[in-house]
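Everything on this sheet refers to the single structure shown next.
There are 2 protein chains.
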Amino acid sequence: MSRKTTIYDIARELNITAATVSRALNNNPRISESTRKRVLETAAAMNYEPNKLALALKHGKSYNVGVVVPNIDRNFFAAIIRGIEDELYPHGYQVIICQTHEEETREAEIIGTLLNAQIDGILMSISTGTADAAHFQAILNKNVPLVLFDRNLSLEGVSSVTIDDFAGGYDATSHLIKQGCRRIAHLTVDPSLDIYHNRMEGYKQALRDNRIEINEAYIITSVNSTEGGQDAVNQLMALPEPPDAIHASSDYIALGAIQRLHQLGIKIPDEFCVIGFSNEPFTRFMELSMSSVDQSPVEMGRTAARVFLDQLENNTQEAAKVVLPAKLCLRKSSVRKSD
Amino acid sequence: MSRKTTIYDIARELNITAATVSRALNNNPRISESTRKRVLETAAAMNYEPNKLALALKHGKSYNVGVVVPNIDRNFFAAIIRGIEDELYPHGYQVIICQTHEEETREAEIIGTLLNAQIDGILMSISTGTADAAHFQAILNKNVPLVLFDRNLSLEGVSSVTIDDFAGGYDATSHLIKQGCRRIAHLTVDPSLDIYHNRMEGYKQALRDNRIEINEAYIITSVNSTEGGQDAVNQLMALPEPPDAIHASSDYIALGAIQRLHQLGIKIPDEFCVIGFSNEPFTRFMELSMSSVDQSPVEMGRTAARVFLDQLENNTQEAAKVVLPAKLCLRKSSVRKSD
DNA sequence: ACAAGTTGTGTAATCGATTACAAAATCTAT
DNA sequence: ATAGATTTTGTAATCGATTACACAACTTGT
Numbered sequence: 001m002s003r004k005t006t007i008y009d010i011a012r013e014l015n016i017t018a019a020t021v022s023r024a025l026n027n028n029p030r031i032s033e034s035t036r037k038r039v040l041e042t043a044a045a046m047n048y049e050p051n052k053l054a055l056a057l058k059h060g061k062s063y064n065v066g067v068v069v070p071n072i073d074r075n076f077f078a079a080i081i082r083g084i085e086d087e088l089y090p091h092g093y094q095v096i097i098c099q100t101h102e103e104e105t106r107e108a109e110i111i112g113t114l115l116n117a118q119i120d121g122i123l124m125s126i127s128t129g130t131a132d133a134a135h136f137q138a139i140l141n142k143n144v145p146l147v148l149f150d151r152n153l154s155l156e157g158v159s160s161v162t163i164d165d166f167a168g169g170y171d172a173t174s175h176l177i178k179q180g181c182r183r184i185a186h187l188t189v190d191p192s193l194d195i196y197h198n199r200m201e202g203y204k205q206a207l208r209d210n211r212i213e214i215n216e217a218y219i220i221t222s223v224n225s226t227e228g229g230q231d232a233v234n235q236l237m238a239l240p241e242p243p244d245a246i247h248a249s250s251d252y253i254a255l256g257a258i259q260r261l262h263q264l265g266i267k268i269p270d271e272f273c274v275i276g277f278s279n280e281p282f283t284r285f286m287e288l289s290m291s292s293v294d295q296s297p298v299e300m301g302r303t304a305a306r307v308f309l310d311q312l313e314n315n316t317q318e319a320a321k322v323v324l325p326a327k328l329c330l331r332k333s334s335v336r337k338s339d
Numbered sequence: 001m002s003r004k005t006t007i008y009d010i011a012r013e014l015n016i017t018a019a020t021v022s023r024a025l026n027n028n029p030r031i032s033e034s035t036r037k038r039v040l041e042t043a044a045a046m047n048y049e050p051n052k053l054a055l056a057l058k059h060g061k062s063y064n065v066g067v068v069v070p071n072i073d074r075n076f077f078a079a080i081i082r083g084i085e086d087e088l089y090p091h092g093y094q095v096i097i098c099q100t101h102e103e104e105t106r107e108a109e110i111i112g113t114l115l116n117a118q119i120d121g122i123l124m125s126i127s128t129g130t131a132d133a134a135h136f137q138a139i140l141n142k143n144v145p146l147v148l149f150d151r152n153l154s155l156e157g158v159s160s161v162t163i164d165d166f167a168g169g170y171d172a173t174s175h176l177i178k179q180g181c182r183r184i185a186h187l188t189v190d191p192s193l194d195i196y197h198n199r200m201e202g203y204k205q206a207l208r209d210n211r212i213e214i215n216e217a218y219i220i221t222s223v224n225s226t227e228g229g230q231d232a233v234n235q236l237m238a239l240p241e242p243p244d245a246i247h248a249s250s251d252y253i254a255l256g257a258i259q260r261l262h263q264l265g266i267k268i269p270d271e272f273c274v275i276g277f278s279n280e281p282f283t284r285f286m287e288l289s290m291s292s293v294d295q296s297p298v299e300m301g302r303t304a305a306r307v308f309l310d311q312l313e314n315n316t317q318e319a320a321k322v323v324l325p326a327k328l329c330l331r332k333s334s335v336r337k338s339d
């Protein structure tokens, strides 16, 4: 490699010192116009580019931000990342994306690596399995800005950006009730996580507001995959009084449920309504398009990034807690023609 | 922030010099066992962690690798990235993911930023729109290792990892012929890109090998989206002799085609067969599951990462050109029961 | 003509590590 | 006991930038 040009090379070329070159390049006022011009010209001619590592070391800032998500191959997280990048990129930050694959140990490991790598902040959505908050404390101890999105954890002094999961659950369930469903099941993933807990609470509240009794047998915790949805349907349809609708906390679970209901010859939406959560793209692609609750992931990413930048610049003590709206997207799987 | 512990802090604590501390921490043999022990203990007690920026500046190596893709919200690229991370993570590299959104200017910009950020290498899949190779030359000029995956560009001295697109196109077309189709259309995206060109050549060769004439009216270049597929079907069905099968270079185009054929009341696969390319997850989720060609993206990512590491370590001059197999995945959209 | 102010450059420390080279401390052998 | 070898530690330069401080060279005003 023909070694890179440094400010020393430029200085030697012009018979001046590196300090002068640095000043010329940084628009420092204490420099003559003629010198500045000569430096800029020489720099361009020599293909000079500043060494970010030196800058970072000097400033104690790497301009790298860590984004930690369970995985990037769910559209939801990919879209959030896109939002984050959109916002951070113009400010000169690079985004380092890490996947926990929903494992707590991996999550702790990744945080260690990121802190070690001198990142300027961490934006993350915690794993399903995470019970212990010790590794988050490590972030706070080092005074590294932390913004949680979607999957929250009520931690003192930590900013978060979420959607209104309660309202999402409430609206989706109300919609099913309006469609004439009365025996509505709720499929959840991990009620210990705020998002799933709130969706369920929204579901329950909607039932209460419509004087429908809550049937605990209709509430099932399942794995977040199509298989989980299929198993849940098997369980539900074996009940003495099976439900007539499913409100799922995840599109993948709802998809599995629809697949299984189909196999059982149950007509959707005439005999049974289904609504999911997340508005993953495939919900539109299906022949029987699926209703879902949109979480505006790109907007969520953007907001998380803005909160982060705010925290950096203003060094505010207060943690921001932003809640974005949840938007109902109604499609064939839950809308009866009579409506 | 309670400033971070440095080797100087440890040295002061123990009344020795930073050099000794450095040696103790790096398993340098020129150090007494007792000193090493004391240093390690003190380092642990003081919560010492090396400053990667200083290391990077010293070594001229950042342990950051840039991964550039058109976008991460297509499962294909997300899976490749996963493969790359799997392989690079154990070697201590962080992956910086950048999206070009298929824009050449953005691509050039990103490369500039990455080079500037002192990354140790670039793994990328070029944008559809890229015609000018100037920004690639910039990478080579700086002697930064470059590995291209999937979307290749025949550049001197650049390693690449691709699948056998020709074979994929050939096998998919042969399959359609075996299903009894004779008027097979081919929907492509951008024939100036190697991958699409090769898929088309595979398609043509399969026709030739089966003595079926190539009908140029059956070859349509469309936008890579469901809309593109819908438009193409409109065009094809307006022909005096419409086709009886579609071989699409993209799953999204194939999906759009299926949607439109459905609207037209054409029965799939009885009257018309469709096969896509990429094996995106939604192809399985559809009620009429779609045949496709799997590109083993995770494996592709892993391989690209391995080629990169090889290049770094051995500093080999020769560019590796790895070609992975394409796997036919047959599903309902193209398999007739009579088979 | 000379003190005071302005402007442009140079000197050298700094960020946190690594690493030749030098020097001190300890050990070995006669 | 002492020369010589060996082990351990210290000194100082280095990576590529930034920046406080010092100082020289001009301007100005009187």
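Chains as they are written, first to last, in this note's numbering: chain A, 1 to 339; chain B, 1 to 339.
Note that CB positions come from ideal geometry on N, CA and C, so glycine has one too.
Bear in mind the structure is a predicted one, so any value in this text is a computation, not a measurement.
For Q118(A), at least one C-beta of chain B is nearer than 7 Å to its own C-beta. Taking C-beta atoms under 8 Å as the contact rule, L25(B) and A43(B) qualify, at a distance of about 7 Å. For H247(A), no alpha helix (DSSP H) encloses it; the enclosing beta strand (DSSP E) starts and ends at 245 to 248. In the DSSP secondary-structure assignment, I219(A) is bridged to H186(A).
Its chain contains Y252 as the residues whose beta carbon lies nearer than 6 Å to that of S225(B), once the 5 sequence neighbours on both sides are disregarded; these appear in chain order. In this structure, the alpha-carbon of S125(B) lies about 14 Å from that of G83(B). Proximity of the region 258 to 265 of chain A to the region 193 to 202 of chain A falls short of the contact definition, fewer than three beta-carbon pairs being nearer than 8 Å. Comparing C-alpha distances from Q263(B) to each of G229(B), C329(B), G301(B) shows the shortest one belongs to G229(B). Interface with chain A (7 Å Cβ-Cβ cutoff): N75(B) is included. If you look at S154(B), you'll find it isn't in any beta strand (DSSP E); DSSP assigns it neither H nor E. Contact between the region 103 to 112 of chain B and the region 305 to 324 of chain B is absent, with fewer than three C-beta pairs closer than 8 Å.
Looking from the CA of T5(A), the closest CA among T35(A), E33(A), N28(A), V39(A) belongs to V39(A). For S174(A), there is no enclosing beta strand (DSSP E); the enclosing alpha helix (DSSP H) has its first and last residue at 165 to 178.
For a Cβ distance threshold of 9 Å, nothing in chain B lies close to K332(A): the least Cβ distance comes to about 11 Å. E49(A) and L155(A) have their alpha carbons spaced roughly 42 Å apart. The beta carbon of T221(A) is closer than 6 Å to those of T188 in its chain, skipping five residues each way along the sequence. Among the residues facing chain A, A54(B) is included, as its CB has a counterpart in that chain under 7 Å away. Rounded to the nearest angstrom, the Cβ distance from Y203(A) to T173(A) is 5 Å, consistent with a contact under 8 Å.
Nearest Cα to E87(B) within the set A79(B), S292(B), R302(B): R302(B).
If you look at Q263(B), you'll find it in the alpha helix (DSSP H) that goes 251 to 263.
In the DSSP assignment, S125(A) forms no beta bridge with any residue. Annotated as proximal: A304(B) and V161(B), with beta-carbon spacing under 7 Å.
Rounded to the nearest angstrom, the gap between the Cα atoms of F272(A) and S333(A) is 8 Å. The three-state reading of DSSP puts D132(A) in coil, since its state is none of H, G, I, E or B. Against S62(B), the close residues of chain A are L53, in the order they occur along the chain (beta-carbon pairs closer than 7 Å). With a cutoff of 7 Å on beta-carbon distance, L123(B) and V67(B) are scored as near each other. Contact check for V293(A) against L255(A) fails: the beta carbons are separated by 7 Å or more. Among the residues facing chain B, I72(A) is included, as its CB has a counterpart in that chain under 7 Å away.
Neighbours of M46(A) in chain B, taken as residues whose beta carbon is under 9 Å from its own, are absent, since the nearest beta carbon is some 13 Å off. In this structure M300(B) touches F149(B) by the C-beta definition: roughly 6 Å separates them, less than 8 Å. With contacts defined as CB atoms closer than 7 Å, F308(B) and V147(B) qualify as a contacting pair. Where F282(A) is concerned, the enclosing alpha helix (DSSP H) starts and stops at 282 to 285. Per DSSP, the beta bridge partners of K321(A) are S160(A). By alpha-carbon distance to T35(A), the top candidate from V21(A), R74(A), E107(A) is V21(A).
Counting only runs that start and end inside the region 64 to 116 of chain B, the alpha helix (DSSP H) elements of at least 4 residues fall at 75 to 88, 104 to 116. Taken through DSSP and simplified to helix, strand or coil, S34(B) comes out as helix.
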